[in-house]
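Take 89 as the starting number for the sequence shown in the working numbering and just add one per residue. Note that beta-carbon positions come from the ideal geometry of N, C-alpha and C, so glycine has one too. Since the model is a prediction, treat every value here as computed from it, not as a measurement.
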Amino acid sequence: MADTDASFVPGDVIAGLIETFFDAVRSSPDLAAQEARPAELVYELDQVVSSYLEEQQLSSDAYQLIQQDVLNNIAHDLAQQHEDLADFDVSFDAAGNADPAEVMAAMDHHFEALFSSESFSDDGSAALG
Numbered sequence: 089m090a091d092t093d094a095s096f097v098p099g100d101v102i103a104g105l106i107e108t109f110f111d112a113v114r115s116s117p118d119l120a121a122q123e124a125r126p127a128e129l130v131y132e133l134d135q136v137v138s139s140y141l142e143e144q145q146l147s148s149d150a151y152q153l154i155q156q157d158v159l160n161n162i163a164h165d166l167a168q169q170h171e172d173l174a175d176f177d178v179s180f181d182a183a184g185n186a187d188p189a190e191v192m193a194a195m196d197h198h199f200e201a202l203f204s205s206e207s208f209s210d211d212g213s214a215a216l217g
């Protein structure tokens with residue numbers, strides 16, 4: 089693995105990872121069953137972040153930082169876009185990091201609205217404000 093600094097990943101890269109994640113979720117046949125969704129959401133996110141690390145030859149130490157950036161952006165963007173979803177509740181710690189389990193639970197709870205809605209364009213840019 090290359091000794092590349094992953095402490096800063098540009099916003100457009102994070103946006104691309106989110107787009108890839110949303111595309112993977114939309115196309116996953118395993119997400120049709122509600123009981124499979126929580127594990128499949130985690131799996132799809134893991135695949136997207138892991139693939140990025142491999143492509144960029146980053147160390148596995150960067151995994152948590154990049155995954156948290158992706159989750160933070162998803163939480164902020166979806167909360168802003170879906171203010172009408174009163175129970176879209178995700179907490180943030182003192183460092184501004186979204187609780188990963190809460191982000192996944194919120195996406196699972198609002199799965200149809202988030203991943204089947206016309207409110208998201210095919211390229212995912214609508215989800216990113």
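C-alpha distance - residue i paired with residue j, whole-angstrom precision
| i | j | result |
| --- | --- | --- |
| I106 | P188 | 14 Å |
| A167 | F110 | 16 Å |
| S148 | S116 | 25 Å |
| S138 | A121 | 25 Å |
| D100 | A201 | 24 Å |
| D134 | D196 | 16 Å |
| E190 | E123 | 17 Å |
Nonlocal neighbours in the same chain, by C-beta distance under 8 Å from residue i, ignoring five residues either side
| i | result |
| --- | --- |
| D181 | D187 |
| V254 | The displayed coordinates of the chain run from 89 to 217. Any statement about residue 254 would go beyond what the structure contains. |
| A183 | none |
| V130 | M192 |
Under 7 Å between C-beta atoms of residue i and residue j
| i | j | result |
| --- | --- | --- |
| R125 | F203 | no |
| N185 | Q156 | yes |
Contacting residues, own chain, Cβ-Cβ under 7 Å from residue i (five flanking each side not counted)
| i | result |
| --- | --- |
| F199 | R125 |
| L119 | V113, R125 and E128 |
| E132 | F109, A112, V113 and S116 |
| A163 | V178, A186 and V191 |
For residue i: DSSP bridge partner residues
| i | result |
| --- | --- |
| F180 | A186 |
Spatial neighbours of residue i in its chain, beta-carbon cut-off 6 Å, leaving aside the 5 residues before and after
| i | result |
| --- | --- |
| Q144 | none |
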